[in-house]
Amino acid sequence: MQRMGMVIGIAPDKIDEYRRLHAAVWPQVLARIAQSNIRNYTIFLREPENLLFGCWEYNGEDFDADMAAIAADPETQRWWSFCSPCQVPLSSRAPGEHWAMMDELFHVD
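With the numbering used here, the residue at position 60 of the sequence shown is 60, and numbering never jumps.
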């Protein structure tokens, strides 16, 4: 298992919409996430900085293939068409990233 963290900005005027979307994530999107070996996925909001922090546990063998399966899923693409306009990617993110991945520095069970 690999814990992963990521961060992205959120447009202040889209916070309520983002909350509404995530209060009722579509079952097909949740199923695709699970099929791609993602567990314990959480998104936190930090205001007034307007940052979203996401974290999950990846339990698969081929992260790139699992992420490609999520990205290729038509229902997930449709979901992203609603979520992406709310998000403000960080200018410091790596090439190809939407959410900026973070390095884990500390963990305790």
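Beta carbons: idealized from backbone N, C-alpha and C, even for Gly. Computed from a predicted structure; not experimentally measured.
Okay, do the region 92-106 and the region 6-17 touch, 3+ Cβ pairs below 8 angstroms being the bar? yes
In its own chain, which residues sit with a C-beta less than 7 angstroms from the C-beta of A11, not counting the 5 before and 5 after it? C86, V88
Identify which residue in R19, M67, M1 has its Cα closest to the Cα of F82. R19
Going by beta-carbon coordinates alone, are D43 and G54 separated by less than 7 angstroms? The identity of residue 43 in the sequence shown is Ile, whereas the question assumes Asp. Contact: yes.
Pull the bridge partners of C55 from the DSSP assignment, please. G5, T42
Spatial neighbours of R93 within its chain, please: C-beta separation below 7 angstroms, excluding the five flanking residues on both sides. A100
According to DSSP, simplified to helix, strand and coil, what is A65? helix
Report yes if the C-beta distance between D73 and R46 is below 7 angstroms; otherwise report no. no
Nearest neighbour of D64, chosen from S36, E17, Q28 [CA to CA]: S36
Supposed contact pair Y41 and W26 - C-beta distance, whole angstroms, cut 8 angstroms: At roughly 14 angstroms, the Cβ-Cβ gap does not stay under 8 angstroms, so W26 and Y41 are not in contact.
Residues of its chain near S84, where Cβ-Cβ distance is below 8 angstroms and the 5 sequence neighbours each way are ignored: H98
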